[in-house]
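Trainee: Protein sequences appear in the order of chains B and P. First residue of the first sequence: 1, per the numbering used here; consecutive thereafter. First residue of the second sequence: 334, per the numbering used here; consecutive thereafter.
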Amino acid sequence: MSVNATPAGADVAADGTDTGSTGRHAAVPAQRNNRRRKPPLSENKRAERRLGLLLCAPAALVMLAVTAYPILYSVWLSLQRYDLRFPAEREFVGLQNYVTVLTNEFWWTAFGVTMLITVVTVAVELVLGMGLALIMHRTLVGRGIVRTSALIPYGIVTVVAAFSWRYAWTPGTGYLANLFSDGAPLTERASALAIIMLAEIWKTTPFMALLLMAGLALVPEDLLKAASTDGATAWQRFTKVMLPVMKPAILVALLFRTLDAFRVFDNIYVLTSGANETSSVSMIAYNNLIRGLNLGIGSTMSVLIFITVAIIAFVFVKLFGTAAPGSDDGERR
Amino acid sequence: MADTTARRAKLQWGLLNAVVVVFALIPVLWIMSLSFKTPATLTDGKFIPREWTLDNYRNIFGTDQFVRALINSIGIAMIATVIAVVLGAMAAYAISRLDFPGKRLLIGVSLLIAMFPQVSLVSPLFEIERQLGLFDTWPGLILPYITFALPLAIYTLSAFFKQIPWDLEKAAKMDGATQAQAFRRVIAPLAAPGLFTTAILVFIFCWNDFLFAISLTSTERSRTVPVALSFFTGASQFEDPTGAICAAAVVITVPIILFVLFFQRRIVSGLTSGAVKG
């Protein structure tokens, strides 16, 4: 505890989490008393490193303990022919499952559907979410009510919300189906996809909005005032002042929304069960794994989904550059 | 003059707010309406019930199953949220403020965990938990929830911590505040919007999860509400459980509303206004 005079080390000592740096410094207790501001840099650095590792350790340990084995196990399964209905035929087949899946047209149809849903919903949600965030952030009247009701869709259990949409669009029982057309919109591909996307957007826009709103809370009021005094229009204030400050929040919101959107499952499961080629990749992975008990092929699909999502995430992080968490060259204020 | 513009601004906001509220609430009101309908009128396609009944609510609270599941859900979600936010905040602080080896690795790995399709992790987890005796217990659900909430928590929090003007802390100490005071009075309020945003998101994630809850529980000892819902059947085998499901959906949305109502006021702006000049 003695040499943590580094700003970083000292900061955290305040919330009681700094338990590092014992024994070794016991020999130099005088340091603290003389208030020597600068211990040798290497030691300073070492204390910072130890603290960093210490603070991250619990989170890292929990995550690894729970997921390391399951993730490795699914990768291992994806390299085997393993169907629970024919357990005797289990054998190691290398990449053959991957060939099977990647040359299968159902996979590519589902892939296309998933891509479409991801791109459309995330784009619409970003725009709506930004608008919603501005409204929730700026509104003069009834802020609590607006914020709470705007967040309710995200809070409702997905399966229940999906059922609500299904009842609403079922001819005869639902108010929406009766309102619009005379067919059954959930049984045609185009309209079914549109409804799935609508349900997704309705449900998860609040997620986007909440993250963006918390980002908005970080925009310094003075800066906006100063910009407005200098004659910046509302649009300029938005793009030149607010957006740069919000960049990290936008990245996180976009990233996690995209990851989730690409794995869309519940809504499709309830709304169409994947009929009429509306399956997403997660749907067919689920069908193979849980329903079909084909662990080999199902795991292969999981790994492929994972790889696709990893590529998307990589692109996002690259695009946002220094706004990404943990980038060293990002400016610290 | 100023008065009328202020009033107009208020009116405009009122209008915008109304749009938001309507957009958000119509499907919710539809579920509520279904929950108040009698079995005979359930499928009449009317938005407002013709006959009102409270039977659905009486039914779900009559069963021990639902109440038990509600307690499980609240307990599990709360504990998981607290732990995930605390661990996430520690890691995020280190990521955004300290330089140490393995930082990028940690960020990469946590994102990797967030990305892996959860469907394929369920059966190995089931096997592990059976062997460790965690299956069908509270910790058996809390642990995976913390794990899958942590990546989001770490990312959100480090994005926010990055934007906090940490110089303020130095300034406070210069003005004679102790380390603890500087943290409590200066840094904690600035970090609050991020912390509460994260808490809300994590809580909702735990509250809504269906996949883990259905695979890692087997009795009402630890079964959560979304799973209990899926076991609902009507009073008799031939009765449609739709009404009961909708009633339960309304009931389990109430804690979310309370949670958000309570925490949203912490997400305020202007805390950093006039903070650091130059």
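The C-beta atom is built at its ideal place from N, Cα and C for all residues, glycine as well.
Output, in chain order, the set of chain B residues within a Cβ distance shorter than 8 Å of Phe488 of chain P.
Mentor: Residue numbering aside, residue 488 of chain P sits at position 155 when the second sequence is read from its first letter. Rather than Phe, the amino acid found at residue 488 of chain P in this sequence is Tyr. In chain order: Val252, Leu255, Phe256, Pro325.
Trainee: Over what stretch of residues does the alpha helix (DSSP H) that includes Asp388 of chain P continue unbroken?
Mentor: As a first step, residue 388 of chain P must be located in the second sequence, where it is residue number 55. Note, Asp388 of chain P: alpha helix (DSSP H), 388-395.
Trainee: Give a yes or no on whether the minimum CB-CB distance between Arg263 of chain B and chain P is below 8 Å.
Mentor: Taking the first sequence and counting its residues from 1, one reaches residue 263 of chain B at position 263. At least one chain P Cβ lies under 8 Å of Arg263 of chain B.
Trainee: On a CA-only basis, which of P:Phe565, P:Phe536, P:Ile578 is nearest Phe595 of chain P? Give me that one, please.
Mentor: What you label residue 595 of chain P is simply residue 262 of the second sequence in a count that begins at 1. For Phe595 of chain P, the nearest C-alpha among the options comes from P:Phe536.
Trainee: Is the CB-CB distance between Thr205 of chain B and Leu132 of chain B below 8 Å?
Mentor: Residue numbering aside, residue 205 of chain B sits at position 205 when the first sequence is read from its first letter. Residue numbering aside, residue 132 of chain B sits at position 132 when the first sequence is read from its first letter. Yes. Within cutoff.
Trainee: By DSSP, does Asp294 of chain B sit in helix, in strand, or in coil?
Mentor: Locating residue 294 of chain B in the first sequence gives position 294, where the first residue counts as 1. The identity of residue 294 of chain B in the sequence shown is Asn, whereas the question assumes Asp. Three-state result, Asn294 of chain B: strand.
Trainee: Are the beta-carbon atoms belonging to Gly298 of chain B and Leu304 of chain B less than 8 Å from one another?
Mentor: Working through the first sequence from its first residue, we reach residue 298 of chain B at position 298. Working through the first sequence from its first residue, we reach residue 304 of chain B at position 304. Cβ distance not < 8 Å, so Gly298 of chain B and Leu304 of chain B don't count as in contact.
Trainee: Taking only beta-carbon atoms, is Ile404 of chain P less than 8 Å away from chain B?
Mentor: If you number the second sequence from 1, residue 404 of chain P lands on position 71. Not one chain B Cβ lies under 8 Å of Ile404 of chain P.
Trainee: Looking at chain P, which residues of the stretch 189-208 of chain B have a Cβ within less than 8 Å of any of its Cβ atoms?
Mentor: Answer set for the stretch 189-208 of chain B: Trp202, Pro206, Phe207.
Trainee: Mind checking if Ala532 of chain P is an interface residue toward chain B, Cβ cutoff 8 Å exclusive?
Mentor: Mapped onto the second sequence, residue 532 of chain P falls at position 199. Output row for Ala532 of chain P: interface = no.
Trainee: Please tell me whether Val101 of chain B and Thr300 of chain B are closer than 8 Å, where the distance is taken between their beta carbons.
Mentor: Sequence index remark: in the first sequence, residue 101 of chain B carries index 101 (1-based). Sequence index remark: in the first sequence, residue 300 of chain B carries index 300 (1-based). Closer than 8 Å, so yes.
Trainee: Mind checking which residues open and close the alpha helix (DSSP H) that includes Asn541 of chain P?
Mentor: By one-based count along the second sequence, residue 541 of chain P stands at place 208. It spans 521-541 - the alpha helix (DSSP H) in which Asn541 of chain P sits, taken as one unbroken run.
Trainee: Looking only at its own chain, which residues have a Cβ that is under 7 Å from the Cβ of Arg90 of chain B, when we skip the five neighbours before and after it?
Mentor: Start at 1 with the first residue of the first sequence, and residue 90 of chain B comes out as number 90. Excluding positions up to five away in sequence, the list reads Gln80, Arg81, Tyr82.
Trainee: As a quick exercise: from P:Met448, P:Val452, P:Thr511, P:Ile585, pick the residue whose alpha carbon is nearest that of Leu549 of chain P.
Mentor: Counting from 1 along the second sequence, the entry for residue 549 of chain P is found at position 216. With distances taken between Cα atoms, Leu549 of chain P lies closest to P:Val452.
Trainee: So, under 8 Å CB-CB, Ser273 of chain B and Ala110 of chain B are touching, yes? Tell me the CB distance rounded to an integer number of Å.
Mentor: The residue labelled residue 273 of chain B in the question sits at position 273 within the first sequence. The residue labelled residue 110 of chain B in the question sits at position 110 within the first sequence. About 13 Å; that fails the 8 Å criterion.
Trainee: I want to verify the contact list: residues of chain B whose CB lies under 7 Å from the CB of Phe433 of chain P, in sequence order.
Mentor: Within the second sequence, residue 433 of chain P is the residue found at index 100, counting from 1. Those are Glu48, Arg49, Gly52, Leu53, listed as they occur along chain B.
Trainee: Span of the alpha helix (DSSP H) holding Trp202 of chain B?
Mentor: Along the first sequence, one-based indexing puts residue 202 of chain B at 202. Its alpha helix (DSSP H) spans residues 189-216.
Trainee: If you count every other CB in all the chains shown that lies within 10 Å of the CB of Pro244 of chain B, and 16 or more means buried, which is it?
Mentor: Walking along the first sequence from the start, residue 244 of chain B turns up at place 244. With fewer than 16 Cβ atoms within 10 Å of its Cβ, Pro244 of chain B is classed as exposed.
Trainee: Per DSSP, Trp385 of chain P is paired with what?
Mentor: Sequence index remark: in the second sequence, residue 385 of chain P carries index 52 (1-based). Looking at the DSSP assignment, Trp385 of chain P forms a beta bridge with P:Lys370.
Trainee: So, are the CB atoms of Phe256 of chain B and Leu485 of chain P less than 8 Å apart?
Mentor: The sequence position of residue 256 of chain B within the first sequence is 256, counting from 1. The sequence position of residue 485 of chain P within the second sequence is 152, counting from 1. Yes.
Trainee: Beta carbon of Thr552 of chain P, beta carbon of Asp469 of chain P: below 8 Å?
Mentor: Translated into positions along the second sequence, residue 552 of chain P becomes position 219. Translated into positions along the second sequence, residue 469 of chain P becomes position 136. Contact flag set, yes.
Trainee: Is the CB of Met448 of chain P under 8 Å away from at least one CB in chain B?
Mentor: Taking the second sequence and counting its residues from 1, the one referred to as residue 448 of chain P is at position 115. Yes, contact with chain B.
Trainee: Quick check on this structure: which residue in B:Leu64, B:Thr278, B:Val241, B:Leu55 has the alpha carbon closest to the alpha carbon of Leu677 of chain P?
Mentor: Any answer about residue 677 of chain P is impossible in this case: the structure gives chain P only from 334 up to 611.
Trainee: Helix, strand or coil, according to DSSP, for Gln80 of chain B in the structure here?
Mentor: One-based indexing of the first sequence puts residue 80 of chain B at position 80. The answer is strand: DSSP assigns Gln80 of chain B an E or B state.
Trainee: Would you say Thr470 of chain P reaches chain B, if we count a Cβ-Cβ gap shorter than 8 Å as a contact?
Mentor: Sequence index remark: in the second sequence, residue 470 of chain P carries index 137 (1-based). Not closer than 8 Å to any Cβ of chain B, the Cβ of Thr470 of chain P fails to qualify, so no.
Trainee: Cα separation between Lys379 of chain P and Leu439 of chain P?
Mentor: In the second sequence, counting from the first residue as 1, residue 379 of chain P sits at position 46. In the second sequence, counting from the first residue as 1, residue 439 of chain P sits at position 106. Between Lys379 of chain P and Leu439 of chain P, the C-alpha separation is close to 53 Å.
Trainee: What whole-angstrom Cβ distance do Phe207 of chain B and Leu534 of chain P have, given they're in contact under 8 Å?
Mentor: To locate residue 207 of chain B, count along the first sequence from 1; it is residue 207. To locate residue 534 of chain P, count along the second sequence from 1; it is residue 201. Phe207 of chain B to Leu534 of chain P, Cβ: 7 Å. Contact.
Trainee: Going by C-alpha to C-alpha distance, which of B:Ile307, B:Ala249, B:Phe92, B:Ala57 sits closest to Leu490 of chain P?
Mentor: Locating residue 490 of chain P in the second sequence gives position 157, counting from the first residue. Checked all of B:Ile307, B:Ala249, B:Phe92, B:Ala57; the closest Cα to Leu490 of chain P is B:Ala249.
Trainee: Could you work out which residues of chain B lie near Ser443 of chain P, taking near to mean beta carbons separated by less than 7 Å?
Mentor: Walking along the second sequence from the start, residue 443 of chain P turns up at place 110. By Cβ distance, chain B contributes Met63.
Trainee: To the nearest angstrom, report how far apart Ala427 of chain P and Phe320 of chain B are at their CA atoms.
Mentor: In the second sequence, the residue the question calls residue 427 of chain P occupies position 94. In the first sequence, the residue the question calls residue 320 of chain B occupies position 320. Approximately 21 Å, taken between the alpha carbons.
Trainee: The alpha helix (DSSP H) spanning Leu465 of chain P covers which residue range?
Mentor: Your numbering for residue 465 of chain P matches position 132 in the second sequence. Residues 452-465.
Trainee: Under 8 Å between C-beta atoms, does Tyr390 of chain P make it to chain B?
Mentor: Residue 390 of chain P sits at position 57 when you count from the first residue of the second sequence. Not one chain B Cβ lies under 8 Å of Tyr390 of chain P.
Trainee: Relative to the alpha-carbon of Ile520 of chain P, which residue among P:Trp540, P:Pro498, P:Glu384, P:Ile409 has its alpha-carbon at the smallest distance?
Mentor: Your numbering for residue 520 of chain P matches position 187 in the second sequence. The candidate whose alpha carbon is nearest that of Ile520 of chain P is P:Pro498.
Trainee: Arg166 of chain B versus chain P: which residues are under 8 Å apart at the beta carbon?
Mentor: Working through the first sequence from its first residue, we reach residue 166 of chain B at position 166. The premise fails here: Arg166 of chain B is roughly 10 Å from chain P at the closest Cβ pair, so nothing lies under 8 Å.
Trainee: At the level of alpha carbons, what is the spacing between Thr337 of chain P and Trp346 of chain P?
Mentor: The residue labelled residue 337 of chain P in the question sits at position 4 within the second sequence. The residue labelled residue 346 of chain P in the question sits at position 13 within the second sequence. Each residue's Cα considered, the two are about 14 Å apart.
Trainee: Which of the three DSSP states, helix, strand or coil, is assigned to Phe92 of chain B?
Mentor: Stepping through the first sequence from its first residue, residue 92 of chain B is reached at position 92. Residue state, collapsed to three classes: strand.
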